[in-house]
Every structure is written in structure tokens, then in C-alpha cells.
Amino acid sequence: MARLTGAKVTVAGAGALGLCIALELARGGAEVSLLDPAAPGDNASGVAAGMLAPAFETALDAASADHGDLLLAARDLWPELAERVGISLDRSGAAYYGEHIGAVAARLKALGIEAGVYGDRVYTREDWRLSPRMALAALRSAAEAAGVRFEQTRAEAPADGALLVLATGAERRGLAAELALLEPIKGHILRLSGGPDIGPVIRGDGIYIVPDPSGAIVGATMERRVDDRTIDAARVAALRAAAEALFPELAELEARAETGIRAATPDGLPMVGPSVTPDVLLAVGARRNGWLLAPLVAQVVAAYVAGDDPGPFAARLDPRRFDRQQG
Ligand SMILES: Cc1cc2nc3c(=O)[nH]c(=O)nc-3n(C[C@H](O)[C@H](O)[C@H](O)COP(=O)(O)OP(=O)(O)OC[C@H]3O[C@@H](n4cnc5c(N)ncnc54)[C@H](O)[C@@H]3O)c2cc1C
């Protein structure tokens with residue numbers, strides 16, 4: 112853990128990233144304020160399915176294909192954090208039922224991820240899950256206990272003598288020029304009135320069904336460059352149809368739709384590190400893996416604040432990589 116005594120930091124945004132960052136900084140001895148104008152959980156982190164899925168994200172999502180090592184390293188930080196703050200991790204694994212079983216199994220094998228083909232599915236233990244709203248509450252309690260001060264207000268600019276960490280999700284206005292690089296990706300997700308409550312996450316092509324004690328979750332659409340949170344009946348119907356094609360018995364259940372806005376950078380990995388704006392650090396753009404990446408992002412941010420080595424993944428996450436690509 113980075114040594115941060117004497118550091119004064121304002122964190123903007125109380126999603127998965129901001130809460131993990133605030134907690135990590137406060138544990139290291141920093142004086143931390145966390146600002147967010149929204150009600151707790153009214154953000155992408157609260158809407159998310161909560162998969163910690165390095166295996167199938169790497170195998171199924173082209174934007175993550177080259178980052179299996181980073182996603183696995185992020186996942187491996189979860190057991191210690193979860194134990195410390197009281198988040199329960201479901202380690203039942205995940206199974207893919209789709210049209211590309213051979214290719215998905217081969218891809219996982221090439222990545223060194225243990226998986227097996229069982230009839231019509233590929234199963235791996237390497238993908239886990241948490242319940243996002245419970246996890247947000249647990250992180251908030253732990254952060255408060257570590258001394259983080261919460262304020263329900265917008266962050267506007269770095270305060271005198273304090274660093275500002277932007278963990279502002281899909282926010283693209285003001286505060287730092289790099290936020291203009293973010294692309295919003297809207298996602299619809301369905302919460303069912305029943306369905307599987309425990310067991311492996313079920314993944315198909317463009318669809319997943321996540322068992323949850325409060326009702327299974329079906330996700331999710333990926334609507335690029337859309338940042339309104341209205342519910343679109345046609346998208347909901349398409350998600351339902353895809354889920355029922357995998358599990359016809361889900362047709363019996365009621366579904367409540369929600370939407371959230373993910374933020375994506377041009378290469379699919381977040382921007383974590385110094386902004387061109389003085390005294391500002393960025394922690395944005397986690398796209399569809401913000402829960403998975405949050406503890407790794409928190410460690411990298413804490414290392415920057417402490418002036419320590421930010422570790423082996425920092426270069427891939429450095430916001431300045433986009434300047435280098437342009438230059
Ligand atoms: C449908 C859906 C399903 C998903 N499923 C998964 C999944 O299974 N696994 C996974 O790992 N990820 C998943 N994701 C992605 C994940 O939700 C995001 O990557 C993650 O929540 C991003 O967290 P964040 O803290 O960056 O942003 P957010 O959770 O969006 O939080 C940002 C916060 O910043 C606040 N804010 C904005 N501007 C300011 C300001 N100026 N001052 C102060 N506060 C400000 C906002 O009010 C907000 O509360 C999913 C996303 C969606 C939409």
C-alpha cells in the first residue's frame with residue numbers, strides 16, 4: 112500500500128472507481144474528500160451486472176482481446192479487498208453457450224486460462240461476480256470508517272493544496288481536456304422477477320444471464336455514442352428474446368429495465384494517471400469492466416499520489432498514450 116500521510120485529495124465520483132480510490136488513499140494515510148452530486152448507486156456502477164470476468168471478456172470482447180493479463184491481475188486483487196470490506200464474491204464461474212464454442216475454448220487456452228468444453232458449453236472458474244449495489248454500500252462504509260468525507264455535490268476544480276482525482280464516469284464536460292476523448296456507450300439491462308439465483312453466469316453471443324438472489328439479471332446492450340438514460344422498449348424486447356432463446360422458461364418472468372452509461376476510451380482501456388491539467392489525476396473510461404478493474408485502478412492512482420512506481424500496467428493505462436499515438 113502506498114504511503115500517503117500528508118496528502119490532501121479530492122475524489123470526484125462515487126462509482127466503483129471513485130470509492131475504491133478514496134478507500135485506498137485513506138488507508139494509506141491521505142486526507143480524502145469524495146464528492147458526487149448523484150444519489151448513491153445512481154450511476155453505471157449501480158446498474159452494472161457485477162461480473163468480474165477476465166476470461167470471457169478477453170475471449171468474447173474484441174476491445175479486451177489483448178489485455179487478458181491486465182484483467183486477470185485486476186481480478187486477483189478482489190479477494191483481499193472483498194474480505195476486508197465485506198463484499199461477497201460468487202466464484203461459481205461462467206459458461207458460454209453460443210455459436211463459437213471451439214473458437215472461444217481455443218482462445219481461452221491460448222491465454223492460459225483454464226476452461227473445459229462440456230457438451231454445448233465452455234465453462235471456466237476464472238470469472239467471478241459480485242452484487243454491485245451491495246458492493247457500493249460496503250465500499251462506502253469502509254471508506255467512511257477509513258476517514259473519507261462524503262459530500263453530495265459536484266467537483267468543480269482542484270481546491271487549494273489538494274489533488275483532484277476524476278472518477279467521473281461518462282462525464283465529458285470541463286475539469287480536464289482528456290474527458291473529451293471518452294465515448295458514451297449506453298447499456299440496457301433487465302432485472303427479472305425470478306430465475307436462477309446462484310450458479311455460473313451464463314453467456315451467449317451478445318447476451319448474458321447472471322444469477323442473483325434478488326432475481327436474475329439479463330444484459331446488456333452496447334449503444335455507442337448514446338448518453339441518455341431513457342428506456343427503449345424495442346431494446347428491452349430484443350434482450351428478452353435473446354435471453355428466452357437460451358432459457359425459454361425465463362418467458363414466465365417479469366422484467367424491470369434499467370440503463371447506465373459506460374465511458375470508453377479509443378483503445379478500450381481506462382485512462383489512469385496524470386492529466387495535462389495541473390493537480391488533476393484521471394481514473395475514467397473503464398468501459399464494460401469498471402468493477403473488474405476498480406482495485407487495480409485504485410492502486411495505480413495511489414502510487415501516483417504517493418510518488419511511487421505505478422506498476423507494470425501503468426503505461427497501458429497512462430492518459431498520455433493517446434498524445435503519443437497522435438504524435
Ligand atoms: C448495463 C451495464 C452492465 C455492466 N456490467 C458490468 C459488469 O458486469 N462488470 C464490470 O466490471 N463492469 C460492468 N459495467 C461497466 C461498469 O459499470 C463501469 O465500467 C463502471 O461502473 C464505471 O465506474 P465509474 O466509477 O468509472 O463510473 P460511474 O459508476 O458512472 O460513477 C461516476 C460517478 O461520477 C459522478 N460525477 C460525474 N461528474 C461529477 C463531478 N463533476 N463531480 C463529482 N461527481 C461527478 C456521477 O454522478 C457518478 O456517480 C456495466 C455497465 C453497464 C452500463
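112 is the number of the first residue of the sequence shown in my numbering; add one for each residue after it.
All C-beta atoms, glycine included, are put in the ideal place defined by N, C-alpha and C.
Small disclaimer: the values here were computed from a predicted structure and weren't measured.
Using the beta-carbon count (16 or more within 10 Å), is I224 buried or exposed?
Around the C-beta of I224, 16 or more other C-beta atoms lie within 10 Å, and the residue is accordingly described as buried.
With distance defined between alpha-carbon atoms, name the residue in Q410, P377, L428 nearest to A174.
The option with the nearest alpha carbon to A174 is P377.
Do you know offhand how far P148's Cα is from R265's?
Rounded to the nearest angstrom, the two C-alpha atoms are 5 Å apart.
If you run the structure through DSSP and keep just helix, strand and coil, what is G438?
With a pLDDT of only 44 at G438, under the threshold of 50, the placement of this residue in the model should not be trusted; the figure read from the coordinates follows. In the three-state DSSP reduction, G438 falls in the coil class, being neither helix nor strand.
Taking only the alpha-carbon atoms, compute the straight-line gap between A133 and L364 and give it to the nearest angstrom.
A133 and L364: Cα-Cα distance of roughly 39 Å.
For the putative contact between G371 and A150, defined by C-beta atoms under 8 Å, what is the C-beta separation to the nearest angstrom?
Contact doesn't hold; Cβ gap of about 14 Å is too wide.
Inspect the beta-carbon positions of V416 and L136 and report whether they are closer than 9 Å.
Taking C-beta atoms as the reference points, V416 and L136 count as a pair closer than 9 Å.
Which residue's Cα is closest to the Cα of A159: V408, V391, V321?
That would be V321, whose Cα lies nearest to the Cα of A159.
Continuous beta strand (DSSP E) assignments of at least 3 residues falling wholly in the segment 302-372
The qualifying runs are 312-314, 319-321, 328-330.
Any non-hydrogen atom of ligand 1 closer than 8 Å to P148 Cβ:
P148: yes, Cβ under 8 Å from ligand 1.
Kindly give me the distance between the Cβ atoms of V215 and V233, rounded to whole angstroms, as I take these residues to be in contact under 8 Å.
Rounded to the nearest angstrom, the Cβ distance from V215 to V233 is 5 Å, consistent with a contact under 8 Å.
Under 9 Å, do G139 and T121 count as touching if we go by C-beta distance?
No, Cβ-Cβ distance for G139 and T121 is not below 9 Å.
Please confirm whether P324 has its beta-carbon closer than 9 Å to some beta-carbon of chain B.
This model lacks chain B altogether, as it is built from one protein chain only.
Opening and closing residue of the alpha helix (DSSP H) in which A256 lies:
Counted as a single uninterrupted DSSP element, the alpha helix (DSSP H) harbouring A256 occupies residues 243-256.
According to DSSP, is G129 part of a helix, a strand, or is it coil?
G129 falls in the helix class under three-state DSSP.
Cβ pair G384, P423 closer than 9 Å
Annotated as distal: G384 and P423, with beta-carbon spacing of 9 Å or more.
Compute the Euclidean distance between the alpha carbons of F261 and V276, then round it to the nearest angstrom.
Answer to the nearest angstrom: the Cα atoms are 14 Å apart.
At a cut-off of 8 Å, is D434 close to ligand 1 when judged by its beta-carbon and the heavy atoms of the ligand?
Result no, Cβ not under 8 Å from ligand 1.
Between which two residues does the alpha helix (DSSP H) containing Y415 stretch?
Looking at the DSSP string, the run of the alpha helix (DSSP H) that includes Y415 is 401-417.
Candidates L274, A348, A362: closest to E88 by CA position
Residue 88 lies beyond the stretch modelled for the chain, which goes from 112 to 438, so this question has no answer here.
How long is the line joining the alpha carbons of L146 and G379, rounded to whole angstroms?
The C-alpha of G379 is placed about 26 Å away from the C-alpha of L146.
Would you say M162 touches ligand 1, meaning its beta carbon is less than 8 Å from a heavy atom?
Yes, the beta carbon of M162 sits closer than 8 Å to at least one heavy atom of ligand 1.
Can the beta-carbon of G326 be found less than 9 Å from the beta-carbon of L350?
Not in contact: G326 and L350 (Cβ atoms no closer than 9 Å).
Environment of S144 [buried if 16+ CB atoms lie within 10 Å]
Label assigned to S144: buried.
Can you list, in chain order, the residues of its chain with a C-beta nearer than 7 Å to that of R114? Leave out the 5 residues immediately preceding and following it.
The beta carbon of R114 sits closer than 7 Å to those of G139, G140, A417, all from its chain and outside the five residues before and after it, given in chain order.
State yes or no: is the C-beta of T370 nearer than 8 Å to some heavy atom of ligand 1?
Shortest gap from the CB of T370 to any heavy atom of ligand 1: under 8 Å.
Does the Cβ of E194 have 16 or more other Cβ atoms within 10 Å, making it buried, or fewer, making it exposed?
So E194 ends up on the exposed side.
Do three or more CB pairs link the segment 393-409 to the segment 160-169 at distances below 8 Å?
By the criterion of at least three beta-carbon pairs nearer than 8 Å, the segment 393-409 is in contact with the segment 160-169.
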